[in-house]
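Residue numbering for the sequence shown is 1 to 921, as defined by UniProt numbering.
Positions of the beta carbon are idealized from the N, C-alpha and C atoms, including for glycine.
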Amino acid sequence: VAPDGVSLLSSSNCSTDAKSSFRLLPDQRLQHLISGFCLFQEVISTKLYLQKCTSEALYFVLDWDVHCPQSQGWRSRKDKCFFFVLNVALAWHQALKFCQRFLDGSLVMLNSLENRAWLKNELSVSVWSGLQRSVEGSLIWANGTPLNKALKRFIFYQGASNMVSCMIALTSGFLKAESCQRPHRWICQMPCQSDSYVTFPGKSFYGAWTADVTFSLLSTAKQQCSSLGRACNIVVSLRMTGHLSLSMGTKQLGYSWRGGPARPTGCFNALVKSKCFYGYSGQDCQSTCPHCEPGVSCNPLTGLCDGFLYYREALGVYTSLKCLPFDNWVYEHGFCVSLECYRSQEEADSICKRFLGAEVWRARHPLHVVPMGFSGPERRGLETEDFLWACQRPEDVELPSFKEKLLISLQDAPSPQRRASLQEAKDACYLQKERCTGVLSLHGAYYLVAGTVLVDSPGSGAILYVKSACSAGFCGDKCQKRCPPICLSGRTHNPLTGQCDGLLSCTRQFSPSCLHGLVNSRCPHNPGWWFWDGHCYYVEEHSSESWQGAKAACDAHGKHGWIMNMVQKESWIGLNDADKDGTWTWAEGQDADLSPSWLTDVQLISGGCLGIGPQGEQNLAVSSCSELKPWICKAAVAPQSSCPTEPGWRSWNDSCYFWDSSLVSGWHEALQVCQRFRKTELLYLTSLQEKEWISSNFEGSFWTGLNDLKDESVFRWTTQEPLNQPLAMYLHDDMADGGLKDCVWFDTGTGFLIDASCKEKKPFLCKCSETTDWFDKQSGRGAAGDLDLLYPSMENLEQAKQECLLERSVCVAVLQTDKGFYLISSMEDIISKPGSTLYTLSICGILVQSCVDDCRRMTTWKNCSLCLPACTEASLKNLDPEELALITMIQFRASQSLNLTTEDERDRENSSNIIYDPRYP
């Protein structure tokens with residue numbers, strides 16, 4: 001319609017132009033919905049124009065019947081729609097059930113000779129009709145109406161007359177009796193005016209209004225919606241005013257939003273036009289509605305569970321629960337769209353790549369949507385016709401998936417909810433918002449999970465779908481934090497937290513929450529040790545002890561609901577009144593809080609000890625402490641150790657120990673080997689507890705750092721600390737041989753410190769503090785490329801150093817920049833870069849990690865962890881100039897048998913033991 005409101009213009013796109021909406025009046029005249037004028041045609045020029053409706057208005061002849069479906073197989077005749085199903089054959093009752101999915105649908109019925117003649121011309125094969133003969137011989141159509149007597153002469157029978165039979169329509173125009181079980185093709189029929197309007201109270205639909213006019217009578221609105229065919233499928237009723245509008249809807253609106261909690265859209269009633277019986281939907285009513293979650297219902301327009309959209313009244317926008325959970329993302333025509341827009345495509349691309357499945361699109365935004373960061377005069381220069389750049393993504397995106405992974409919560413979490421299909425589980429997860437973080441496919445079932453910790457489940461066959469809003473490499477609030485998707489040592493990037501998970505594994509009785517069989521790589525690795533809620537537990541399943549014996553067993557090793565799942569037999573736990581003083585304490589001696597609900601029904605008998613039984617029996621009971629039962633130990637998870645992870649290194653009580661049983665030497669040579677490592681000495685003991693730990697973890701006898709080389713019978717460690725009095729009780733000072741036994745070895749079998757000649761050949765144990773800094777600081781060194789994408793990052797320097805030590809096989813340095821702390825896996829991309837600092841991992845006094853790696857690949861040495869400064873040509877390129885000069889000097893002097901140390905040592909084996917300490921250049 002032209003601006004003058006009378007003449008008509010031609011347009012190839014009027015889908016959103018409300019001015020060009022018309023309706024078909026009952027007498028087939030075409031009426032403009034806004035002005036109420038009818039369509040006229042000039043006699044001479046044949047131009048179309050609008051004018052007040054009169055009998056001379058243009059009558060519109062439809063070229064297709066708007067009341068019958070338009071898909072293939074449908075034909076219309078008078079007041080009936082017929083659906084020809086000619087590509088499959090079914091028994092009569094199955095064919096009838098198929099036809100009943102249409103409103104008032106049935107198998108084809110012939111109520112006149114004229115209809116019979118029409119059908120004869122349409123048929124190319126025989127088909128089932130709706131006619132059936134009863135045992136009594138009466139002929140009745142499937143809808144209960146009797147046969148027109150004029151048609152009886154076109155029926156012929158075969159077989160016994162006292163049997164139920166069904167009639168097929170032949171191409172000759174006759175009806176023939178057949179067994180109802182025999183398969184045939186068929187034809188369905190339904191009334192042309194079969195549009196039914198199913199009412200959805202409190203619901204509305206997202207879509208375009210068919211016209212800007214309203215109706216006061218429901219019958220008029222329905223009639224007009226039906227006459228518009230596919231251009232209208234919903235009549236929307238506004239409760240407050242009673243006005244009725246026509247709409248072309250797509251998605252169902254389940255909620256509105258006023259800035260607070262979501263609530264039903266109670267202002268509307270939606271009447272949905274449908275030709276399908278309840279429970280069926282889609283083209284030709286082929287789809288059956290699935291089971292839907294509470295809060296959503298089957299959309300009769302699509303046959304899918306719907307109700308994820310809601311209307312935010314304060315902003316006048318629509319939002320989907322499947323869209324990104326950020327305030328500035330809205331729903332538009334099947335897409336999730338960001339309201340933030342940008343002047344350049346490059347700027348938009350840098351933002352859009354943060355979000356899962358998002359891409360840049362060009363949009364013409366209204367004036368009230370201001371580009372990000374625009375204000376003041378800049379906004380005045382933004383015209384409504386300007387093109388801006390924004391982010392969008394499909395409402396449904398492919399969620400990140402992981403094979404043989406679980407997503408668990410280490411805190412109290414609801415039991416995983418089970419669903420029958422993957423789509424049903426995903427829908428339920430979106431409806432539960434932040435209470436659901438993913439969907440797990442396990443053993444043919446689908447579970448909603450609420451955890452945030454990724455757990456390995458090797459052999460489970462599980463597939464995990466994580467409900468993440470961020471793309472790989474981004475995490476945090478609004479996906480603004482860079483979280484590199486690269487993890488070290490086979491760990492997995494967690495898209496929910498941005499961290500590298502991989503310490504936990506589920507190894508027994510796979511379940512969505514892994515209540516059975518969760519192990520932590522930092523718990524003891526012996527069989528029977530399990531992990532839960534930050535602690536390691538040992539569950540004894542084979543032996544039995546008294547309560548005191550069980551406590552001793554736990555001491556040697558160093559949540560209630562979870563324990564019940566793990567326990568197979570009644571077992572001892574730590575709560576006891578073994579001293580019979582009436583006070584219940586834990587095994588460590590601390591007073592017990594007896595108020596928790598899980599203890600309220602337990603009779604705490606004086607002098608007894610508490611046991612816990614398997615789930616399903618009486619879980620907690622007090623019995624005599626002398627009874628023999630299995631037991632459960634509890635220990636803290638080993639903290640992240642700063643000790644080297646090379647073979648032979650162990651940690652205990654803030655100290656690091658190095659042991660290699662293949663190394664045997666005199667005391668002085670042993671001391672030299674230990675001192676090659678930074679701030680490392682031969683074993684020095686500080687307490688009886690340490691002596692007991694050494695005895696329990698190492699076998700045989702070996703050199704310690706204790707000696708009286710300086711003053712006879714005055715024993716000191718190589719750290720120059722004296723031997724304390726409690727340990728002195730275990731020293732055996734042999735004065736024989738004129739006091740020549742100046743060095744001390746430790747016998748783990750007897751627990752004694754025994755002096756001996758320093759030239760004796762023995763194994764040795766090295767020790768250093770766990771606080772030793774194993775990194776060399778190099779200012780002005782950095783790495784090339786995008787660090788956020790190439791290297792894992794940590795929160796602070798100490799955390800990065802600890803992680804690098806744990807991942808030493810793949811981490812060679814830590815890089816500090818103004819953006820963060822990164823774990824470097826190769827020195828190849830290290831460059832000069834002011835403002836950055838490189839901390840290179842160096843266990844020894846000289847930076848030789850690359851040499852050690854090369855040694856293992858290129859030589860026959862069995863143990864290269866001693867960091868001998870001997871490198872092959874292939875690894876020299878990895879050294880700094882200063883280090884290369886040192887190594888070259890050593891190689892030259894060794895090849896010429898020149899002096900390398902302060903001693904006159906010409907033996908090449910000994911001369912290779914030179915060390916370089918950067919403190920003494």
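Taking the Cβ atoms as the reference, Cys625 lies roughly 4 Å from Trp547, within the contact range of under 8 Å. Where Gln28 is concerned, there is no enclosing beta strand (DSSP E), because DSSP gives it neither an H nor an E.
Here Trp92 is buried. Its C-beta has 16 or more other C-beta atoms within 10 Å. Collapsing the DSSP output to three states places Thr220 in a helix. Counting along the chain, Trp659 sits inside the beta strand (DSSP E) bounded by residues Ser655 to Trp659. Between Cys536 and Thr680, the CB-CB gap reaches or exceeds 9 Å. Distance between Pro325 and Phe335, taken at the CA atoms: about 14 Å. According to DSSP, residue pairing for Gln252 in a beta bridge involves Phe205. Here the C-alpha atom of Gln223 lies approximately 20 Å from the C-alpha atom of Phe277. Between Cys674 and Leu663 a beta carbon distance of about 10 Å is seen, past the 8 Å cut, so the two are scored as non-contacting. Residues of the same chain with a CB within less than 6 Å of the CB of Phe84, apart from the 5 flanking positions on each side, are Gly73 and Ile187 in chain order. Secondary structure note for Pro596: it is in no beta strand (DSSP E), with a DSSP letter that is neither H nor E. Straight-line spacing of the CA atoms in Phe82 and Val164 works out to 26 Å. Distances from the CA of Asp27 to each of Ser21, Cys38, Ser20 and Ser247 were compared; the closest alpha carbon is that of Cys38. Using a 10 angstroms sphere on the CB of Gly785, the tally of other CB atoms stays under 16, which defines it as exposed. Boundaries of the alpha helix (DSSP H) harbouring Glu798: Leu797 to Leu806, taken from the DSSP string. In this model, Leu727 and Ala621 are separated by some 44 Å (Cα to Cα). Closest in alpha carbon position to Lys762, among Leu806, Gly705 and Leu151, is Gly705. Rounded to the nearest whole angstrom, the C-alpha separation of Val397 and Gln345 is 23 Å. Runs of the beta strand (DSSP E) lying entirely within the segment 659-738 and spanning at least 3 residues, in chain order: 701-707. DSSP lists Tyr280 as the bridge partner or partners of Thr288. By the CB criterion at 9 Å, Leu823 and Glu803 fall inside the cutoff.
With 16 or more other CB atoms across the displayed protein chains lying within 10 angstroms of its CB, Gly611 is buried. With a cutoff of 9 Å on beta-carbon distance, Gln423 and Leu448 are scored as not near each other.
Close CB contacts of Gly249 within its chain, under the 7 Å cut and outside five residues either way in sequence, are with Phe205, Tyr206, Gly207, Asn233, Ile234 and Leu301 (chain order). Between the segment 402-412 and the segment 354-363, the count of C-beta pairs closer than 8 Å stays below three; the two stretches do not touch. In the DSSP annotation of this structure, Glu588 is not part of any alpha helix (DSSP H), being labelled neither H nor E. DSSP, reduced to helix, strand and coil, places Trp530 within a strand of the structure shown. When the beta-carbon positions are compared, Gly498 and Phe531 stay at least 9 Å from each other. For Asp501, the secondary structure class from DSSP, reduced to helix, strand or coil, is strand.
Annotated three-state conformation of Gln603 is coil, per DSSP. With respect to the C-alpha of Asp654, the residue from Leu218, Cys643, Lys551 and Ser661 having the closest C-alpha is Cys643. Where Asn619 is concerned, there is no enclosing alpha helix (DSSP H), because DSSP gives it neither an H nor an E. For secondary structure counted as the alpha helix (DSSP H) over 4 or more consecutive residues, the segment 393-446 holds these complete runs in sequence order: 422-431. A Cβ-Cβ separation of about 13 Å leaves Arg491 out of contact with Cys483 under the 8 Å criterion. In the three-state reduction of the DSSP assignment, Leu790 falls in the helix class.
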